[in-house]
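S.K.: Under the UniProt record's numbering, the final residue of the sequence shown carries the number 99; numbering is consecutive throughout.
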Amino acid sequence: MKTKNEIITFLQKNRAYICKTFHITKIALFGSFARDEQTDGSDVDLLIELDDNLIDVYDTKESLKQFLSHSFDRSVDLAREKYLKPYAKEFILKDAIYV
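#1: How big is the Cα-Cα spacing for Q12 and V99?
#2: Using the C-alpha atoms, what's the distance from D40 back to G31?
#3: Assuming I7 and F72 are in contact, meaning their beta carbons sit under 8 Å apart, how far apart are those beta carbons, in whole angstroms?
#4: Can I48 and A88 be called in contact, C-beta distance under 9 Å?
#5: What is the DSSP secondary structure of T3, reduced to helix, strand or coil?
#6: Roughly how far, in whole angstroms, is the beta-carbon of D43 from the beta-carbon of D95, given that I think they are within contact range, below 8 Å?
#7: To the nearest angstrom, how far is the alpha carbon of E62 from that of K4?
Structure (structure tokens):
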């Protein structure tokens, strides 16, 4: 099982590649991994922001999701801050660890 530190280290080491390849401007770990409460069945929750000029948002997010799922050997969920529900946003941002 990957740990919070392993995920953060991977994201830090690969940040330049991820940002350039997938047009990411921000990335943060949140959820059970950020809180060290993950289980064997937990997915990795990431908060991302994409370049405002990106046209093919869906395919880019799917490609990023596949890349990270393969890298972490577990399911990955991607969320964008501007689309978070107000009631959840406070809790998500409180846990978020930006890399």
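Ideal Cβ positions, reconstructed from N, Cα and C, are used throughout, including at glycine.
M.R.: A quick look at the data gives this:
#1: As a first step, residue 12 must be located in the sequence shown, where it is residue number 12. As a first step, residue 99 must be located in the sequence shown, where it is residue number 99. Rounded to the nearest whole angstrom, the CA to CA distance from Q12 to V99 is 6 Å.
#2: Within the sequence shown, numbered from 1, the residue matching residue 31 stands at position 31. Within the sequence shown, numbered from 1, the residue matching residue 40 stands at position 40. Taking the straight line joining both Cα atoms gives about 14 Å.
#3: In the sequence shown, residue 7 corresponds to position 7, counting from 1. In the sequence shown, residue 72 corresponds to position 72, counting from 1. With 8 Å as the limit, I7 and F72 qualify as a contact, their Cβ atoms being about 6 Å apart.
#4: Counting from 1 along the sequence shown, the entry for residue 48 is found at position 48. Counting from 1 along the sequence shown, the entry for residue 88 is found at position 88. The answer is no: Cβ separation not under 9 Å.
#5: Within the sequence shown, numbered from 1, the residue matching residue 3 stands at position 3. Coil at T3, not helix or strand.
#6: Residue mapping note: residue 43 aligns to position 43 of the sequence shown, counting from 1. Residue mapping note: residue 95 aligns to position 95 of the sequence shown, counting from 1. That pair is no contact at about 14 Å.
#7: Numbered from its first residue, the sequence shown carries residue 62 at position 62. Numbered from its first residue, the sequence shown carries residue 4 at position 4. Rounded to the nearest angstrom, the two C-alpha atoms are 22 Å apart.
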